[in-house]
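Student:
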Amino acid sequence: MKSRRLSPPDWFTLKLSNRSPSEHLSFFHLSFFTESFTLHINCSPLPSQLTSTSFTLTAMFAKIALPLLTLSALSGSTFAAPFNPKTQSLARRYPSFDNWGGLSSFSNFDNFYGVDNFSGVVSDQVVVEQQEEVVCQAVSIEIVQQKLLVLQEMAKQIITEQVCDVETQTVVFQQFLSSSSHFSSDLLHTSGLQVGYDSGIVSHYGSFYNADGTLSTSDLGFSGSDVGKSVVIPSGSNWNIATSPTSCLSFSDRSTEQTSFVRKFSDNP
1076 MKSRRLSPPD WFTLKLSNRS PSEHLSFFHL SFFTESFTLH INCSPLPSQL
1126 TSTSFTLTAM FAKIALPLLT LSALSGSTFA APFNPKTQSL ARRYPSFDNW
1176 GGLSSFSNFD NFYGVDNFSG VVSDQVVVEQ QEEVVCQAVS IEIVQQKLLV
1226 LQEMAKQIIT EQVCDVETQT VVFQQFLSSS SHFSSDLLHT SGLQVGYDSG
1276 IVSHYGSFYN ADGTLSTSDL GFSGSDVGKS VVIPSGSNWN IATSPTSCLS
1326 FSDRSTEQTS FVRKFSDNP
C-alpha cells in the first residue's frame, strides 16, 4: 500500500543567517499541503517577537504570506542572485556539498539523499503488510528515554570515530538532526505520511559493530532514497482526529519552548 503527501506535495527549506547580539534565526522550514501549510521555526535563542515556534496558517493566508516570505528570504545574504520562481527551484539553489571546501571527506556526499534533498525529506511511503500486526506497547517512559539516549551517543560515536574532518562532522551532524526532525510533522499528522518506520533500514542495526565491539566500516548497501520503501505502521495509538491535532501541537510548542529556554541559559550562564 502506497502513501503520498497531500497534493500539492510542494516543500522547500530556506537557510537564513540573521545574526544580532541577542538573536540568531538559524533555520525555518515550510511544508505545503492542500488546505494549509505549517511554518516551523527553530531559533536559538528564541527571538523576542516570537511567542511560539510553530504556526499553522490557512490556505487563504498562505496566498498572502508566501510572497512576503519569499521576498524576505531572497533579501538575505544567503541568496545574492535574483530569483525567478518561473524558471528556478529554491531547492536547486542549494550548493552541492560534494568535495565542498576541497575536502575529500565530502566526496559523494550528495549521492545519499540527493543534491536537492539535503535533509532527507521523504515524500512517499510503501507500507508493507505484516504477517503479525505490530501493536504499540506502552512501557515506562524512562525505558524509552534510555534507548533514545543510546542512539544519540551512538551517533556521536559514529561521527567522531569515522569522520576526521571537523567541518564534515559539523555538516553531517546537522544533516542527521534535520532529517530526524521531519518525524515531528508525521507525529502531528501534518506531513501527509503515516506514522511509522522503515523496517528495511532498521534491520541493519545489527551490522553496526564487529564481533570485537568496534564500529563496522562495511557498506550497508542502501541510500537515503530507500527510506520509506518498507514502512511498518504500528497500531494502538490513541490518536483522535477531533482533539489530537490541537493537543499535540500545544505539547510540541511547549517542549520546543523548553528547549529554547534551556539553550538560552546554557549558552549564557
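Just so you know, the sequence shown maps onto residues 1076 to 1344 in the working numbering. For every residue, glycine included, the Cβ atom is placed at its ideal position computed from N, Cα and C.
(1) When the Cα of S1180 is compared with those of Q1333, S1310, V1238, which residue comes out closest?
(2) If V1197 sits next to V1302, beta carbons under 8 Å apart, how far is it from one beta carbon to the other, in whole angstroms?
(3) Let me know if D1273 comes out buried or exposed under the rule of 16 or more other beta-carbons within 10 Å of its beta-carbon.
(4) Counting only runs of 4+ residues fully inside the segment 1192-1242, write out the alpha helix (DSSP H) ranges in chain order.
(5) I'd like to confirm the pairing. Which residues does DSSP put opposite V1306 in its beta bridges?
(6) To the nearest angstrom, how far is the alpha carbon of T1265 from that of S1312?
(7) Going by C-alpha distance, which of G1177, T1318, L1224, F1258 is nearest G1195?
(8) Tell me, to the nearest whole angstrom, how far the beta carbon of N1285 is from that of S1291; I am working on the premise that it is less than 8 Å.
(9) For Q1333 and F1251, what's the separation of their Cα atoms in angstroms?
(10) Going by DSSP in three states, L1290 sits in which element: helix, strand or coil?
(11) What whole-angstrom Cβ distance do V1307 and Q1205 have, given they're in contact under 8 Å?
(12) For D1261, which option in Q1232, D1199, T1331, Y1188 has the closest C-alpha, if you only look at C-alpha atoms?
(13) Report the CB separation of D1173 from F1184 in whole angstroms; it is logged as a contact under 8 Å.
(14) Tell me, please, which residues DSSP counts as bridged to Y1416.
(15) By Cβ distance, which residues of its chain are closer than 7 Å to I1234, with the 5 residues on each side in sequence left out?
(16) Along the chain, where does the alpha helix (DSSP H) that runs through L1350 open and close?
(17) At the level of alpha carbons, what is the spacing between L1223 and G1176?
(18) Tell me, to the nearest whole angstrom, how far the beta carbon of S1310 is from that of E1208; I am working on the premise that it is less than 8 Å.
Tutor: According to the data block:
(1) Nearest of Q1333, S1310, V1238 to S1180, Cα basis: V1238.
(2) Between V1302 and V1197 the Cβ distance is about 5 Å, and since that is below 8 Å, they are a contact.
(3) Label assigned to D1273: buried.
(4) Counting only runs of 4 or more, we get 1216-1237.
(5) Note: V1306 sits in a beta bridge opposite V1202, D1273.
(6) Going by the C-alpha atoms only, they are around 17 Å apart.
(7) It is F1258.
(8) Correct: roughly 5 Å between the Cβ atoms.
(9) Spanning the two alpha carbons is a distance of roughly 22 Å.
(10) Here L1290 sits in strand by DSSP.
(11) The beta carbons of V1307 and Q1205 sit about 6 Å from each other, so the pair counts as a contact at 8 Å.
(12) If you compare the alpha carbons of Q1232, D1199, T1331, Y1188 with that of D1261, the shortest gap goes to D1199.
(13) At roughly 5 Å, the Cβ-Cβ gap stays under 8 Å, so D1173 and F1184 are in contact.
(14) This structure cannot settle anything about residue 1416, because the visible part of the chain is limited to 1076 through 1344.
(15) Close CB contacts of I1234 within its chain, under the 7 Å cut and outside five residues either way in sequence, are with Q1244, V1247, F1248 (chain order).
(16) Residue 1350 cannot be examined here, being either before or after the span of the chain that is shown, 1076 to 1344.
(17) Taking the Cα positions, L1223 is about 33 Å away from G1176.
(18) Contact holds; Cβ gap of about 6 Å.
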